[in-house]
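Q: Count along the sequence shown from 1, add 1221, and you get the number used in our numbering.
Idealized CB from N, CA, C, for every residue including glycine.
I'd like to ask some things about the structure below.
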Amino acid sequence: MTASVRTAHLAELNIATLRHPLDDPRIAPFVELLDPVNAAADGTPGFVWRLVEEGAADATALRPAGENVIVNLSVWESPEALWDFTYRSGHLEVMRRRREWFERHVEAHLVLWWVPAGHLPTVDEALERLAHLQAHGPSPRAFTFTSSYTAAEAEAEAEAAGQDAATV
1222 MTASVRTAHL AELNIATLRH PLDDPRIAPF VELLDPVNAA ADGTPGFVWR LVEEGAADAT
1282 ALRPAGENVI VNLSVWESPE ALWDFTYRSG HLEVMRRRRE WFERHVEAHL VLWWVPAGHL
1342 PTVDEALERL AHLQAHGPSP RAFTFTSSYT AAEAEAEAEA AGQDAATV
């Protein structure tokens, strides 16, 4: 195993299209869950980093994917750590109620990819990975929980494509 694979972390982006503005009373239950869910993420073993707007507690005011689209971008030590947070914590309540607050997406709205440990992905990088997944389907460059790839597979694909393997 190479050094870059041993030190790879999993980046994730998900986007959600709001049914109503964040200050609408119909979205209030979601807004009320933001702080506790973010605190749970921050305290989850394997959590590395999450995007927050400067001077804010979260990234809900950032709208790089559209005025009514919120983004969640984070980095985890492993797929298992992200899975545990997503499906075995208070975050599951948000997942169960998401149709109350968000439109149903017809194309991929979640993307996973490997990054070198210490690299904090940009929103542009994350949106490019999502676009790649939407255009080409799952690959070691951009994948989902159900169609996942290892860091070694991502590194091998990058090397085969003549890309710097350090960018996994």
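1. Between A1262 and F1306, what straight-line distance do the alpha-carbon atoms span, to the nearest angstrom?
2. If contacts are defined as beta-carbon pairs under 8 Å, then V1336 and H1230 qualify, I think. What distance do you get, rounded to the angstrom?
3. So for E1233, helix, strand or coil by DSSP?
4. Taking 7 Å as the limit between beta carbons, can you name the residues of its chain near L1341, skipping five residues before and five after?
5. Does DSSP classify V1296 as helix, strand or coil?
6. Check P1257 in the structure and name its three-state DSSP category.
7. Helix, strand or coil, according to DSSP, for P1242 in the structure here?
8. Exposed or buried, what is L1313 when buried is set at 16 or more other beta-carbons lying within 10 Å of its beta-carbon?
9. For I1291, which residues does DSSP report across the bridge?
10. Quick check on the burial criterion: 16 or more other C-beta atoms within 10 angstroms. Buried or exposed for R1350?
11. Using the beta-carbon count (16 or more within 10 Å), is E1233 buried or exposed?
12. First and last residue of the beta strand (DSSP E) that includes V1269?
13. Nearest-angstrom Cα distance between T1228 and S1310?
A: By the coordinates alone:
1. Position 41 of the sequence shown holds residue 1262. Position 85 of the sequence shown holds residue 1306. Their backbone Cα atoms lie some 6 Å apart in a straight line.
2. As a first step, residue 1336 must be located in the sequence shown, where it is residue number 115. As a first step, residue 1230 must be located in the sequence shown, where it is residue number 9. Under the criterion of beta carbons closer than 8 Å, V1336 and H1230 qualify as touching, at roughly 6 Å.
3. Working through the sequence shown from its first residue, we reach residue 1233 at position 12. Correct three-state label for E1233: strand.
4. Translated into the one-based positions of the sequence shown, residue 1341 becomes position 120. Answer for L1341: W1270 and V1296, listed in chain order.
5. Here residue 1296 refers to the residue found at position 75 of the sequence shown. Here DSSP, grouped into helix, strand and coil, assigns V1296 to strand.
6. Counting from one through the sequence shown, the residue named residue 1257 turns up at place 36. Here P1257 sits in helix by DSSP.
7. Taking the first residue of the sequence shown as 1, we reach residue 1242 at position 21. It is coil, neither helix nor strand.
8. Numbered from 1 along the sequence shown, position 92 holds the residue referred to as residue 1313. Under this definition L1313 is an exposed residue.
9. As a working note, residue 1291 is residue 70 in the sequence shown. Partner(s): A1237.
10. Looking up residue 1350 in the sequence shown gives position 129. When all chains shown are included, R1350 counts as buried.
11. On the sequence shown, residue 1233 is found 12 positions in, with the first residue counted as 1. Flag for E1233 reads buried.
12. Residue numbering aside, residue 1269 sits at position 48 when the sequence shown is read from its first letter. That run of the beta strand (DSSP E) goes F1268 to R1271.
13. By 1-based counting over the sequence shown, the position of residue 1228 is 7. By 1-based counting over the sequence shown, the position of residue 1310 is 89. Those two C-alpha atoms are separated by around 26 Å.
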